[in-house]
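> Residues in the sequence shown are numbered from 7 upward in steps of one, following my numbering.
Before we start, here is the structure in question, set down as structure tokens.
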Amino acid sequence: MTFYVQAGDFKNLYDQWEKMLPLCFTNTVFVTPWWQQAWWQHFGVEGELRLLSVGYGDEIMGIAPLMMRKKVLSFIGDTDLFDYHDFLAFQGKEDLFFEALFDYLIKLDWERVVLTSVPQNSPTLQHFPMFAKRN
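Below, the structure is given as structure tokens:
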């Protein structure tokens, strides 16, 4: 099975994002498309949007709501307005999601990755350290 990672924007991911939220580990107001889009429109001026969808065929299995600022890759938002940040991946598909995402991220031009406020027990806390060790 061939997976893809595709850069997008809020407009083309909004509906799919809303539909997939109940099927993801982290499902809080802070990871909704409307919350993240509002933050981005008001505070994201110094960054570059890296809103990535991961999927296969016509099915999206996850979204990576990221931004790049001064070669630092991070979640969209900041800890002043977001209690939680996280990647959105269908439960049970996290391994596939993170593998495809990592293969894509390693090709980007970044110097540091900063991921704050990830909920306790999130699959991100298991998978992202494996990526760091691998690369």
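Yeah, the Cβ is synthetic: ideal placement off N, Cα and C, and Gly gets one too.
If you draw a straight line from the C-alpha of Met73 to the C-alpha of Trp40, how long is it?
Looking at the two C-alpha atoms, the distance is approximately 16 Å.
> What are the residues that DSSP puts in a beta bridge with Gly68?
Answer is Val60, Ala95, bridged to Gly68.
> CA-CA distance, Phe88 and Tyr20?
In a straight line, the C-alpha of Phe88 is about 19 Å away from that of Tyr20.
> Buried or exposed: where does Gln42 fall if 16 or more other Cβ atoms within 10 Å of its Cβ makes it buried?
Result: buried.
> In terms of alpha-carbon separation, which member of Gln47, Leu27, Leu57 lies closest to Ala13?
Of the listed residues, the one whose Cα sits closest to Ala13 is Leu57.
> So, Phe103 versus Leu121, is the Cβ gap smaller than 8 Å?
No, the pair does not count as a contact, with Cβ atoms beyond the cut-off.
> With a cut-off of 8 Å on the beta carbons, I'd call Asp115 and Lys77 a contact; round off their distance for me.
Right, their Cβ atoms sit about 7 Å apart.
> Which first and last residues belong to the beta strand (DSSP E) in which Gln12 is found?
Segment 10-14, the beta strand (DSSP E) holding Gln12.
> Just how far apart, CA to CA, sit Ala138 and Leu111?
Taking the straight line joining both Cα atoms gives about 11 Å.
> Would you decide whether Asp92 is buried or exposed? Buried here means 16 or more other CB atoms lie within 10 Å of its CB.
Asp92 should be labelled buried.
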